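Numbering (this note's numbering), first residue to last: 18 to 233.
Encoded as structure tokens, the structure appears first; notes follow it.
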């Protein structure tokens, strides 16, 4: 398992999957989060639960520089404080109504959330770019078993059909892994397709390993 211990960073999503004005669910060390990017491009990570009735904020919608809950429309600023309650438009919400937030960094096409308080920023991978992400219904041990090699600092180099595919792994609970496929920046379309297919093949094998209980 990658050493995502206190003081490290977890790659929770790809930047391309969170364009301006959108929200998406993700998993962090502290639990589920709603990642969102305002219309101006500013990003935030909220605990995925509206303080009002507990609805998942990742089901909500971005309006300008705020995130609104889809249930009753309560709107929150990026700092987590409530700005508007539609049922009481004249009310200024008290500062006690707020969503728990987490630090989040966007760099190299990857969105990172820290574990604890890292001394430095998230990793940067020179010469490669993210291609896609996929969820694997298996833990990292099963992926390592399927790939025939160990992950190092969250990176798994998978040899497939004479080429090496670099995979960035993030655990999502005990039996699920988020796998980001990285390719060379100058790779051509056929190489990118091959890398994607290799990752899909590894996912199938790892899920078979997990289902058969043979991962060590």
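Glycine included, each C-beta is placed from N, C-alpha and C at the ideal position.
Given the structure is predicted, the values throughout are model-derived calculations rather than measurements.
- Looking at 164, 205, 204, the one whose alpha-carbon comes closest to that of residue 218 is 164.
- Around the beta carbon of residue 130, 16 or more other beta carbons sit within 10 angstroms, so the residue counts as buried.
- Assigned with DSSP and collapsed to three states, residue 225 falls in helix.
- Judged by DSSP secondary structure, residue 202 falls outside any beta strand (DSSP E); it is assigned neither H nor E.
- The continuous alpha helix (DSSP H) containing residue 157 extends over residues 157-164.
- Secondary structure of residue 62 (DSSP, three-state): strand.
- By the C-beta criterion, the segment 53-63 is judged not to be in contact with the segment 165-173, since fewer than 3 inter-stretch pairs fall below 8 Å.
- Within the segment 83-133, not a single complete alpha helix (DSSP H) segment reaches 4 residues in length.
- The C-beta of residue 220 has 16 or more other C-beta atoms within 10 Å across all chains shown, which makes the residue buried.
- Apart from sequence neighbours up to five positions away, the residues of its chain that approach residue 149 with a beta-carbon distance below 7 Å are 198, 213, ordered along the chain.
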